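J.:
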Amino acid sequence: MSFVNIPDVPRTFGALLVGALFASFLSGGVTVQTLVYYKLYPGDDSNIKSLVFVIWLLDSCHTGLIWGSQWEYFIGLYGQETKIDYIPSTLALSIVFTGVLTFLVHSFFAQRIFRLSKRNWILVVPVVGIAALRLISATATSGTMLHYRSFTQFRDHVRWLFTLGLALSSVVDVMITLSLFVLLKRSKTEVGSLDGVIDSLILYTFETGSVTCAATIISMILWIAVPTQLFFMALHFIIGKFYATSFLVTLNSRRGLRQVRNSQRGSSSGGGRGRPAYVLDNRRPEFRASKNGGYDVAKSTVTELQINVQRSVEYTSDSFADINNGYGPRSSL
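Okay, here's the thing in structure tokens:
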């Protein structure tokens, strides 16, 4: 008696479908963030505007490739359970699109490190180098998938390649997060008057870095633990969306940081409010003859002079400007 190996459809196609739905939801958020950016920051540098457009375009194409693979699985190969191991071209190409998008976002954050560290190449070169290796790995992964067209053959021959790409991406995320954290903490020590702004920057750094890093690590764990099921691929659909979102949130949060800065500036400039004014009494005594032959001392009536002391804080290029330049375009904050 021969036993037919029936594929587990819910854990393969079902996982891909759920991942595609979540990816589409996040892609809609990327589009909203893009529109918000162009509305709030029309004066940004043209390079930043172009990068935002490229990120949005890559994300939209990535979403189209995801649904192209779903169409091929559920419509083109409908009822063919033997094709459950098949790798469509659209699914293979989605990996290289994720790699390109990830590289651009990593490069953007590397530029922040470069500015905050005052042009420290030792910190930036490893980040960009590993990010480039991650892009090469993603490109090679897509190429081998297009060559084998089978998840089984891909796992048997170059399983390490996909693992390497996810591992490199996680390493870059950790390096960027730690570098920005250390640099921002150092700036907080040097510029105590901007503690609120720097605290917000540190929080944004951990939020954006932890989400992308966690998603990449979980996808790698699923790929290693259960490679025969496509949970890892479903999560890989979402990783690119997280990177695009983190990039746009970083740019769009600058208005909130400006409000924090202005509130701190207002409280600093009003530091003398509520203090008693200094009153100078410049009334001169007058001597008048009294009835008993002596003199009475009287004071002339004059207007009192009051001096209110207020403290103002001047932000120089070595304080907020350096932090702002490391966080985003200077002209928009």
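Numbering (the numbering used here), first residue to last: -8 to 324.
By construction, the Cβ of each residue, glycine as well, lies at the ideal position given by its N, Cα and C atoms.
These numbers come from a predicted model, not from an experiment.
Anyone know if the C-beta pair for Ala206 and Leu174 falls short of 8 Å?
T.: no
J.: Please say whether Ala83 and Leu137 have beta carbons closer to each other than 8 Å?
T.: yes
J.: Among all the DSSP beta bridges, which residues are the ones paired with Ser141?
T.: DSSP, once it has assigned bridges, lists Tyr77 as partnering Ser141.
J.: Just the Cα atoms here: how many angstroms apart are Phe153 and Gly120?
T.: In a straight line, the C-alpha of Phe153 is about 18 Å away from that of Gly120.
J.: Hey, out of Trp214, Phe223, Gly231, Gln220, whose CA is closest to Val202's CA?
T.: Gly231
J.: Return yes when the Cβ of Gln24 is within less than 8 Å of the Cβ of Leu239, no when it is not.
T.: In this structure, the beta-carbon distance from Leu239 to Gln24 falls below 8 Å.
J.: Phe228 lies in the alpha helix (DSSP H); which residues open and close that run?
T.: 222 to 243
J.: Would you call the CB atoms of Ser98 and Ala122 closer than 8 Å?
T.: yes
J.: Can you name the start and end residues of the alpha helix (DSSP H) that Asn38 belongs to?
T.: 37 to 62
J.: Taking the alpha helix (DSSP H) that Thr25 falls in, what are its first and last residues?
T.: Per DSSP, Thr25 belongs to the alpha helix (DSSP H) from 4 to 31.
J.: Please state if the CB of Leu221 and the CB of Thr3 are separated by a distance shorter than 8 Å.
T.: yes
J.: Taking Ser60 as the reference, give the member of Met211, Phe145, Arg140 with the closest Cα.
T.: Arg140
J.: Relative to the C-alpha of Tyr341, which candidate in Gly55, Lys74, Leu56 has its C-alpha closest?
T.: Residue 341 falls outside the range modelled here, since the chain spans only -8 to 324, and no answer is possible.
J.: Could you round the C-beta distance between Ser160 and Thr219 to whole angstroms and report it? I think they count as a contact, below 8 Å.
T.: At roughly 23 Å, the Cβ-Cβ gap does not stay under 8 Å, so Ser160 and Thr219 are not in contact.
J.: Measuring only the C-alpha atoms, how far is Leu31 from Thr22?
T.: 14 Å
J.: Let me know if Thr132 comes out buried or exposed under the rule of 16 or more other beta-carbons within 10 Å of its beta-carbon.
T.: buried
J.: Going by alpha carbons, who is nearest to Trp214 out of Trp151, Phe16, Leu107, Lys109?
T.: Trp151
J.: So, helix, strand or coil for Gly156, using DSSP?
T.: helix
J.: Candidates Thr168, Phe142, Cys204, Tyr234: which alpha carbon is nearest Val217's?
T.: Phe142
J.: Chain D beta carbons: is any one of them nearer than 8 Å to that of Gly10?
T.: This model lacks chain D altogether; it includes just one protein chain.
J.: How about Ser170 and Ile104: are their beta carbons less than 8 Å apart?
T.: yes
J.: Only counting the same chain, and skipping five residues up and downstream in sequence, which positions put a Cβ closer than 7 Å to that of Leu8?
T.: Correct list, in chain order: Gln61.
J.: Under a Cβ-count criterion, where at least 16 other Cβ atoms within 10 Å of its own Cβ denotes burial, should His148 be classed as buried or exposed?
T.: exposed
J.: Does Thr219 come out as helix, strand or coil in the three-state DSSP assignment?
T.: coil
J.: With the cut-off set at 8 Å, would you say Thr130 and Val163 are in Cβ contact?
T.: Cβ atoms of Thr130 and Val163: not closer than 8 Å.
J.: State yes or no: is the C-beta of Tyr333 within less than 8 Å of the C-beta of Val96?
T.: The requested residue 333 is not part of the displayed model; the chain covers only -8 to 324.
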